[in-house]
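J.: Residue numbers (this note's numbering): 30 to 141.
Just dropping this structure here.
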């Protein structure tokens, strides 16, 4: 369960409309990339699927970096490689989809 405090913190880091659009696209790409890599592994190491899936992950991560440049409040940074991976999976697979369908997203989207 995501707490009110966590939603408010996330909301502060995602105020810009362009960044919100980038996150919608990036989250879909990130999830699709992971699914494609898993399907590639399931299909007896289909390197084409794995490569396309991994490419989608890299593009999604790059889009996130670009989008956050438009935000008035910046993310504090990662504590290391594990934190980097953990943060992206939590954000793009769990937290952003929940945020997207919350009143917090609509509140930020409605700002001028």
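Think of the CB as a built atom: it goes at the ideal place given N, C-alpha and C, for glycine as much as any other residue.
Remember, predicted model here, so these are calculated numbers, not experimental data.
(1) For residue 99, which residues in the same chain have their Cβ closer than 6 Å to its Cβ, ignoring the five residues on either side in sequence?
(2) What do you reckon, are the CB atoms on residue 56 and residue 125 nearer than 8 Å?
(3) Can you check the stretch 102–140 for any alpha helix (DSSP H) of at least 4 residues that lies completely inside it and give the ranges in chain order?
(4) Straight-line CA distance for residue 107 to residue 113?
(5) Would DSSP call residue 58 helix, strand or coil?
T.: From the atom records:
(1) Your numbering for residue 99 matches position 70 in the chain shown. Here the set comprises 45, 47 and 48.
(2) In the chain shown, the residue the question calls residue 56 occupies position 27. In the chain shown, the residue the question calls residue 125 occupies position 96. The answer is yes: Cβ separation under 8 Å.
(3) Fully enclosed alpha helix (DSSP H) runs of 4 or longer: 110–118, 125–129 and 132–138.
(4) Looking up residue 107 in the chain shown gives position 78. Looking up residue 113 in the chain shown gives position 84. So the alpha carbons of these two residues sit roughly 6 Å apart.
(5) For this step, residue 58 is matched to residue 29 along the chain shown. Shown here, residue 58 sits in a helix according to DSSP, grouped into three states.
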